[in-house]
Structures are given as C-alpha cells and as structure tokens.
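Enquirer: Okay, handing you the structure first.
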Amino acid sequence: MAHRSPAEVRRSLGHPIVDGDGHFVEVWPLAHEEIVAFVEREGGARLRDRFLAGHARPLDTTAVAGDRAGEAAARAARDRWTAKSSWWGWPCENALDRATSHLPALLYERLDEIGIDFAVLYPSMSLAFLDLQDDELAPLLCQAVNAMHAREFGRYADRLTVGALLPMNTPDGAIATLEHAVGLGLKAGVISGFARRPIAKLEREHGPLDPPVVRYDTYGLDSAHDYDPFWQRCCDLGVAPVSHSSTQQYHVARSVSSYVYNHVGGLARGHEALAKSLFLGGVTRRFPALRIGFLEGGVAWACSLLADLLGHWEKRNARAIRALDPARLDVDALMGHFERHGDAAVRASLASLRAYYAQPGARPEQLDEFEAVGIERAEDVRDRFVPSFFFGCEADDPLAGWAFAEGVNPFGARLHAMLGSDIAHWDVVDMKDPVPEAYEAVEHGRMTEADFRDFAFANAVRLHGGMNARFFEGTVVEAAAADVLAKEGA
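Take 79 as the starting number for the sequence shown in this note's numbering and just add one per residue.
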C-alpha cells in the first residue's frame with residue numbers, strides 16, 4: 079500500500095498530475111429519469127418504450143441477477159455459457175469515497191486531497207450503452223447521457239472534464255453523436271473497442287441466434303463499414319477517441335462462475351484487437367494526426383504487440399515473403415537432400431515425394447499484408463504505432479515502466495503510457511492511494527522522474543492536446559500543458 083500522502087508526492091514534483099482515466103458512478107434513479115425524458119423528447123414513445131422494455135441495461139455491479147435467482151439461474155448461465163459479469167464494483171465500506179464517486183461537487187472539493195490537478199473522467203453504469211446493438215437507440219441513449227453529464231460537470235471544467243459516449247455500430251451514428259457532444263461543450267470521447275456483428279452465413283441459414291454468435295468488428299481491418307469519415311471528423315473536431323472495452327463478456331474462454339477469470343486480461347485483449355486492426359488497416363497511416371487511447375489495460379500488451387508487429391513485418395513484408403513462395407522451391411535440390419540424408423522410408427518414396435512437392439502452391443490475392451500501412455523500412459513500424467497510440471495504466475501497475483524502457487523496446491521507442499487512477503471502481507481501495515502508488519514506480523526504480531512526468535502528466539496532455547491545442551484552456555493546468563505542446567509544435 080501507499081506510504082506517502084498524495085499531498086507529499088504532489089509537492090515533490092515540478093509538474094501537475096493529470097488523471098487520464100478517472101471514473102464517476104451515476105446516481106442511477108435520477109439518471110434513469112433524465113434519460114427516459116430525453117429519449118421520449120428526441121425519439122418519441124416508440125424508442126422510449128423500447129428502452130423501458132430492457133433493450134439497454136446499465137452496468138449495475140451491486141446486482142448479480144444470476145446469484146439472486148439461485149440454482150436455476152446458474153443452470154441457465156451454464157446452458158447459455160454466459161460470462162460471469164462484474165459484481166460488487168463500487169466502494170461500499172468507505173462511504174466518503176462512495177459519495178465522491180457519485181457527486182461532482184464532492185470530487186471537485188477533494189481533488190487536492192487526492193493529489194490530482196486535473197482529471198479526464200468517464201462514466202461507469204452508462205458505459206454499457208456503447209455495447210448496444212441498436213442503430214436507432216444506441217446513439218440516442220449516448221446523446222442523453224452526454225447531455226446529462228455536460229450539465230452536471232460543466233461548472234467544474236477548470237479541473238474536471240467528462241468523456242462523451244460515442245457508439246460505433248455505424249460511422250454515421252458515431253459522427254452524429256460526436257457532433258452532438260462537441261455542441262454540448264464536451265471535448266473527450268470514449269468508443270466501444272469493437273462492434274459485434276453477426277456471421278453472415280449463420281444468420282442467412284439460421285436467422286438471429288440466441289445466444290448470438292458474433293464476430294468483432296474493430297473498425298480498421300475487415301470492417302463492415304468504412305470508418306474513415308469518423309476518424310476524419312475526430313480530427314476536424316479535435317477529439318481523441320479512447321476505448322474502454324473488454325472482451326470479458328464475449329471471449330471464447332469465458333467463465334460462467336468467476337468474474338476474476340474473465341476480467342484478468344480482458345481489457346488488454348480488447349485493446350490489442352483494436353490496435354492491430356487500426357494499424358494493419360492503415361488508419362494510423364491515413365490519419366497521422368489522430369490520437370487514440372486504450373484505457374485501463376496497461377501498456378505491457380502494447381510493448382509486446384509493437385515488437386510482434388515488427389517481427390512479422392521483417393519476415394513477411396513484400397520483399398521477404400518471396401522467400402516463402404512455393405513457386406520458388408527448387409524441387410530438384412530438395413530431392414537431392416532427401417536422397418542423401420533421408421532414411422530408408424524417404425529414399426523409397428522419392429518419386430511420390432517429388433510429385434507432392436512439385437504441386438503448385440496456393441497463392442493469396444494479397445501478398446503484402448502490410449500494404450495499407452505503407453512501410454518502407456523497419457523504423458516505419460514504430461512510426462505508424464507509437465505517435466498514434468496512448469495507454470492508460472492503473473497506479474499500481476508494476477509493468478507501466480516498460481513503456482519507457484528504451485533499451486528494450488524496438489528502436490528505443492517510448493510508448494505513451496499515462497496514469498489512469500480508476501477512482502470510483504473496485505480496484506481503488508481508497509481514493510488517496512493512486513498518486514502515491516503511481517510514484518512508487520520512481521521509488522522502486524522502475525521509472526525515472528522524467529518518465530513519471532510523462533506518465534502522470536505530459537502523455538495525457540499529448541493525447542488530448544495533440545488533437546486539440548485548446549483542450550486545456552481555462553483549466554488549472556493550462557500553462558503547464560501549453561508548455562508541453564509548444565515544445566512539440568502542437
């Protein structure tokens with residue numbers, strides 16, 4: 079546990095602390111009323127009734143429906159292989175922290191006590207609306223939530239800002255909700271890391287299945303839609319989209335009995351799928367100004383992914399792949415080796431083996447799977463990856479320092495790891511813990527002071543300020559953020 083107070087840590091630093099991923103928990107009875115009224119006003123009684131019928135449910139971790147219903151529900155969960163969802167996810171024993179998670183005024187009042195100068199916050203219960211597969215209702219619900227949060231947090235804008243919910247089922251729905259959010263004065267946005275799509279053959283032959291059998295659409299490679307208009311609109315409006323999605327509910331290896339089993343690695347798996355898709359789909363090449371955040375999953379997966387992408391490019395780029403072309407196999411030379419070094423069974427079968435190896439090999443339409451990325455040299459892998467991606471790490475993540483390990487990462491890369499406190503959720507026992515816990519990385523030698531400045535301040539500025547140079551105007555960190563951006567020419 080942390081052994082220094084947040085104030086002590088904060089006083090020892092020469093820079094502010096910007097929380098790149100804090101949370102609040104909606105007061106749901108009041109939120110529900112406001113959302114229903116918005117949906118009825120903007121979408122009419124039909125969509126209101128669809129919402130009230132339970133087509134979109136918030137994430138309520140205090141209620142575990144299966145457990146309340148006993149053995150029958152447990153049998154049903156096993157029958158459908160429904161993943162054990164999050165349960166007991168909000169602070170309870172610490173009533174002050176629980177109230178702080180609900181009340182913007184109290185959080186604002188406690189920021190100095192917590193040790194945070196400025197926080198980018200995201201909702202909790204309404205995040206579930208991002209996963210709704212309803213092209214009509216999802217944008218409307220997200221717009222309702224965004225309007226509510228813009229009103230609730232607007233008066234605290236000098237130290238708090240809230241990320242808008244941006245549904246990604248279709249580019250048009252995402253763009254409409256993004257434009258609506260910016261019109262409300264919101265300047266950050268959270269997307270679902272994937273859209274669940276039916277598998278065409280199964281749907282065609284069997285209709286909608288229950289439980290559904292789906293694939294992940296990650297908006298870049300193999301997407302059902304062209305999401306370039308959305309990425310362009312993000313650039314136009316200066317909003318850095320961040321993902322906060324986990325595969326824990328849908329992963330093939332999910333557990334029906336253990337939330338811990340499902341949660342461990344769930345965010346990292348979801349983020350890796352999205353990052354690979356955007357990279358290999360050429361999104362980071364086509365939109366070099368776009369900044370994308372991956373929250374709460376740490377950065378270790380990204381360090382590994384960068385190295386893995388580089389390794390694959392080195393062996394399977396447009397030039398290297400020719401060494402693997404079956405048409406280039408010298409069958410005569412191969413048979414000579416078989417004849418000289420094969421055992422009796424091999425030598426007795428030389429004629430049939432020759433016929434086997436002489437068969438023409440399959441030839442895919444696209445030989446260069448990195449074509450969309452536009453890589454000319456190995457360093458381009460780093461340059462299409464590192465500037466575009468930012469990685470939220472919780473304060474107690476012992477591997478966050480890997481991001482800054484220039485002697486380990488390819489070409490001395492420094493990945494954009496940033497502090498995400500995750501306050502208001504179960505993994506923060508006390509809201510006064512994250513800042514001292516994060517600084518333990520310096521005390522234990524996993525980060526330098528310069529690394530920590532990037533981690534706890536500058537990288538969050540680069541993510542949001544790199545898209546919108548005015549993002550931090552009017553905030554308590556305006557001058558310090560402007561200095562970071564000025565040095566990078568933003």
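Using N, Cα and C, we set each Cβ at its ideal position, and we do this for glycine too.
1. For T248 and V320, I'd like the C-alpha separation in whole angstroms.
2. Give, in chain order, every unbroken run of the beta strand (DSSP E) that is at least 3 residues long and sits entirely within the stretch 317-368.
3. Around the Cβ of A353, are there at least 16 other Cβ atoms within 10 angstroms (buried) or fewer (exposed)?
4. What does the alpha-carbon distance come out to for the pair E417 and G439?
5. Mapping DSSP to helix, strand and coil, what is D195?
6. State yes or no: is the C-beta of P276 within less than 8 angstroms of the C-beta of V260?
7. Note down the Cα distance separating I253 from A150, rounded to an integer number of angstroms.
8. Once DSSP output is grouped into helix, strand and coil, what is the label at D295?
9. In three-state terms, what does DSSP make of M413?
10. From the DSSP output, in three-state form, read off F102 for me.
11. Quick one: what's got a C-beta closer than 7 angstroms to G167's C-beta in the same chain, skipping five residues either side?
12. Beta strand (DSSP E) containing F468: first to last residue?
13. Would you call Y337 buried or exposed, if buried means 16 or more other Cβ atoms sit within 10 Å of its Cβ?
14. My output table needs one value for T553: the three-state DSSP class, helix, strand or coil.
15. Assign H522 to buried or exposed, taking buried as 16 or more other Cβ atoms, counted over all protein chains shown, within 10 Å of its Cβ.
16. Would you check if the distance between the CB atom of F357 and the CB atom of R462 is smaller than 8 angstroms?
17. Alpha carbon to alpha carbon, what distance is there between L407 and A429?
18. Using 8 angstroms as the threshold, is the C-beta distance between I269 and G193 below it?
19. Look at the alpha carbon of A206 and the alpha carbon of S466, and state the distance between them as a whole number of angstroms.
20. Rounded to the nearest angstrom, how far is the Cβ of G298 from that of S355, given a contact under 8 angstroms?
21. Of all the beta strand (DSSP E) runs that stay within the bounds of the stretch 222-306, which reach a length of 3 or more residues?
22. Note down, one range per segment and in chain order, each alpha helix (DSSP H) of at least 4 residues found wholly within the stretch 111-196.
23. Check the C-beta distance from G267 over to G232 and give it rounded, since I have them as a contact under 8 angstroms.
24. Would a C-beta distance cut-off of 8 angstroms place S163 and Q327 closer than the cut-off?
25. Is I113 closer than 8 angstroms to L264 when the C-beta atoms are compared?
26. Does the distance from the C-beta atom of A225 to that of F372 stay below 8 angstroms?
27. Go ahead and pull the three-state DSSP assignment for G479.
28. Secondary structure at F372, three-state DSSP: helix, strand or coil?
29. May I ask you to list the residues that DSSP assigns as paired with L497?
30. Any idea what DSSP makes of A559, helix, strand or coil?
31. Out of curiosity, what's the CA-to-CA distance linking G348 and A426?
32. Nearest CA to the CA of F489: which residue from P512, D157, R455?
33. What's the C-alpha gap between R311 and R400?
34. Per the contact definition of three or more C-beta pairs closer than 8 angstroms, is the stretch 119-126 in contact with the stretch 544-554?
35. Which class does V87 belong to by DSSP, given the choice of helix, strand or coil?
36. Measuring straight from C-alpha to C-alpha, what distance separates N395 and G251?
Expert: According to the structure data:
1. Here residue 248 corresponds to residue number 170 of the sequence shown, with the count starting at 1. Here residue 320 corresponds to residue number 242 of the sequence shown, with the count starting at 1. Taking the straight line from one Cα to the other gives about 17 angstroms.
2. The qualifying runs are 319-321.
3. As a position in the sequence shown, residue 353 is number 275, starting the count at 1. Burial call: buried.
4. Here residue 417 is taken as the residue at index 339 of the sequence shown, counted from 1. Here residue 439 is taken as the residue at index 361 of the sequence shown, counted from 1. In a straight line, the C-alpha of E417 is about 23 angstroms away from that of G439.
5. Locating residue 195 in the sequence shown gives position 117, where the first residue counts as 1. Here D195 carries a coil assignment [DSSP, helix/strand/coil].
6. What you label residue 276 is simply residue 198 of the sequence shown in a count that begins at 1. What you label residue 260 is simply residue 182 of the sequence shown in a count that begins at 1. It is not a contact, given that the beta carbons lie outside the stated cut-off.
7. Taking the first residue of the sequence shown as 1, we reach residue 253 at position 175. Taking the first residue of the sequence shown as 1, we reach residue 150 at position 72. If I take the Cα positions, the gap works out to 43 angstroms.
8. Counted from its first residue, the sequence shown places residue 295 at position 217. Three-state result, D295: strand.
9. Along the sequence shown, read from residue 1 onward, the residue named residue 413 stands at position 335. In the three-state reduction of the DSSP assignment, M413 falls in the helix class.
10. One-based indexing of the sequence shown puts residue 102 at position 24. In the structure shown, F102 sits in coil (DSSP, three-state: anything other than H, G, I, E or B).
11. On the sequence shown, position 89 is the one that residue 167 refers to. The residues are T139, H503, W504.
12. Numbered from 1 along the sequence shown, position 390 holds the residue referred to as residue 468. Residues 467-471.
13. Counted from its first residue, the sequence shown places residue 337 at position 259. So Y337 counts as buried.
14. Counting from one through the sequence shown, the residue named residue 553 turns up at place 475. DSSP places T553 outside both helix and strand once states are collapsed to three, so it counts as coil.
15. On the sequence shown, residue 522 is found 444 positions in, with the first residue counted as 1. Exposed is the call here.
16. One-based indexing of the sequence shown puts residue 357 at position 279. One-based indexing of the sequence shown puts residue 462 at position 384. Contact flag set, yes.
17. Sequence index remark: in the sequence shown, residue 429 carries index 351 (1-based). Sequence index remark: in the sequence shown, residue 407 carries index 329 (1-based). Rounded to the nearest angstrom, the gap between the Cα atoms of A429 and L407 is 17 angstroms.
18. Sequence index remark: in the sequence shown, residue 269 carries index 191 (1-based). Sequence index remark: in the sequence shown, residue 193 carries index 115 (1-based). No; because the gap between Cβ atoms is not below 8 angstroms, this pair is not in contact.
19. Within the sequence shown, residue 206 is the residue found at index 128, counting from 1. Within the sequence shown, residue 466 is the residue found at index 388, counting from 1. Each residue's Cα considered, the two are about 26 angstroms apart.
20. Along the sequence shown, read from residue 1 onward, the residue named residue 298 stands at position 220. Along the sequence shown, read from residue 1 onward, the residue named residue 355 stands at position 277. Yes, they are in contact, since the Cβ atoms of G298 and S355 sit about 4 angstroms apart, within 8 angstroms.
21. 238-244, 266-269, 273-276, 292-295
22. If we require 4 residues or more, the alpha helix (DSSP H) runs fully inside the stretch 111-196 come out as 143-146, 149-158, 173-180, 182-192.
23. Position 189 of the sequence shown holds residue 267. Position 154 of the sequence shown holds residue 232. Not confirmed; about 16 angstroms, so no contact.
24. Reading the sequence shown from its first residue, position 85 is the one you call residue 163. Reading the sequence shown from its first residue, position 249 is the one you call residue 327. A contact, by the Cβ cut-off of 8 angstroms.
25. Residue 264 sits at position 186 when you count from the first residue of the sequence shown. Residue 113 sits at position 35 when you count from the first residue of the sequence shown. In this structure, I113 does not lie closer than 8 angstroms to L264 by Cβ.
26. As a first step, residue 225 must be located in the sequence shown, where it is residue number 147. As a first step, residue 372 must be located in the sequence shown, where it is residue number 294. No. Outside cutoff.
27. By 1-based counting over the sequence shown, the position of residue 479 is 401. Helix, per DSSP.
28. On the sequence shown, residue 372 is found 294 positions in, with the first residue counted as 1. Residue state, collapsed to three classes: strand.
29. Working through the sequence shown from its first residue, we reach residue 497 at position 419. L497 pairs with C471.
30. The residue you call residue 559 lines up with position 481 of the sequence shown. Three-state result, A559: helix.
31. Taking the sequence shown and counting its residues from 1, the one referred to as residue 348 is at position 270. Taking the sequence shown and counting its residues from 1, the one referred to as residue 426 is at position 348. The straight-line gap separating the alpha-carbon atoms of G348 and A426 is approximately 51 angstroms.
32. In the sequence shown, the residue the question calls residue 489 occupies position 411. Of the listed residues, the one whose Cα sits closest to F489 is R455.
33. To locate residue 311, count along the sequence shown from 1; it is residue 233. To locate residue 400, count along the sequence shown from 1; it is residue 322. Each residue's Cα considered, the two are about 39 angstroms apart.
34. no
35. Taking the first residue of the sequence shown as position 1, residue 87 is located at position 9. Helix.
36. Taking the sequence shown and counting its residues from 1, one reaches residue 395 at position 317. Taking the sequence shown and counting its residues from 1, one reaches residue 251 at position 173. The alpha-carbon atoms of N395 and G251 are separated by roughly 36 angstroms.
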